[in-house]
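Accompanying notes for the structure given below.
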Amino acid sequence: VQLQASGGGLVQAGGSLRLSCAASGSMYNINFMGWYRQAPGKQRELVAVAPKTSGGSTNIADSVKGRFTISRDNAKNTVYLQMNSLKPEDTAVYYCAAHDMRGYDYWGQGTLVTVSS
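Quick note: the sequence shown, position 90, residue 99 per the working numbering, numbers continuous.
See below:
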């Protein structure tokens with residue numbers, strides 16, 4: 010599975026960005042897709058993940074609840090992250106990830122989001 014993320018950039022605090030992650034390859038064993046982020050000097054952390062099917066649960070970090078929304082288009086093998094009311098502390102490299110039910114993960118190349126105050 011290959012992941013191609015896009016949509017990062019520079020935005021002022023309070024603004025919005027939409028990240029996209031397109032997956033290619035066999036998605037048969039992929040059960041979750043989502044986003045993680047890593048700020049300078051910090052560990053990578055979960056932002057939001059969504060299940061492949063509607064029967065699973067979406068997991069969203071408390072720090073972004075109410076501001077970020079994750080969605081999937083399975084027909085396009087694409088996951089989106091709509092980010093509203095951005096804050097300077099949201100500044101990070103955002104990574105797309107796909108979780109294989111057999112216990113391993115695929116990662117995209119990362120896209121930088123910079124929120125200025």
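Even for Gly, the Cβ is constructed at its ideal location relative to N, Cα and C.
Because the structure is a prediction, the values reported are computed rather than measured.
Only exposed fits arginine 111, as fewer than 16 other CB atoms lie within 10 angstroms of its CB. With distances taken between CA atoms, serine 66 lies nearest to Ser80 out of Ser72, Ser80 and Arg53. For asparagine 38, no beta strand (DSSP E) encloses it, and the DSSP letter there is neither H nor E. Sequence-distant partners of glutamate 54 (beyond 5 residues in either direction) whose C-beta falls short of 8 Å from its own C-beta, in its chain, are Tyr45, Arg46, Gln47 and Ala70. Residue pairing by DSSP places arginine 46 opposite Glu54 and Tyr103 in a beta bridge.
Apart from the 5 residues on each side of it in sequence, glycine 119 sits with its Cβ closer than 6 Å to the Cβ of Val102 and Tyr104 in its chain, given in chain order. The criterion of a C-beta distance shorter than 9 Å is satisfied by valine 10 and serine 35. Taking C-beta atoms as the reference points, leucine 28 and serine 125 fail to come closer than 9 Å. Contact check for leucine 26 and leucine 95: beta-carbon distance about 7 Å, within the 8 Å limit, so the pair qualifies. For the set Ser72, Met42 and Thr78, the Cα lying nearest the Cα of threonine 62 is the one of Met42.
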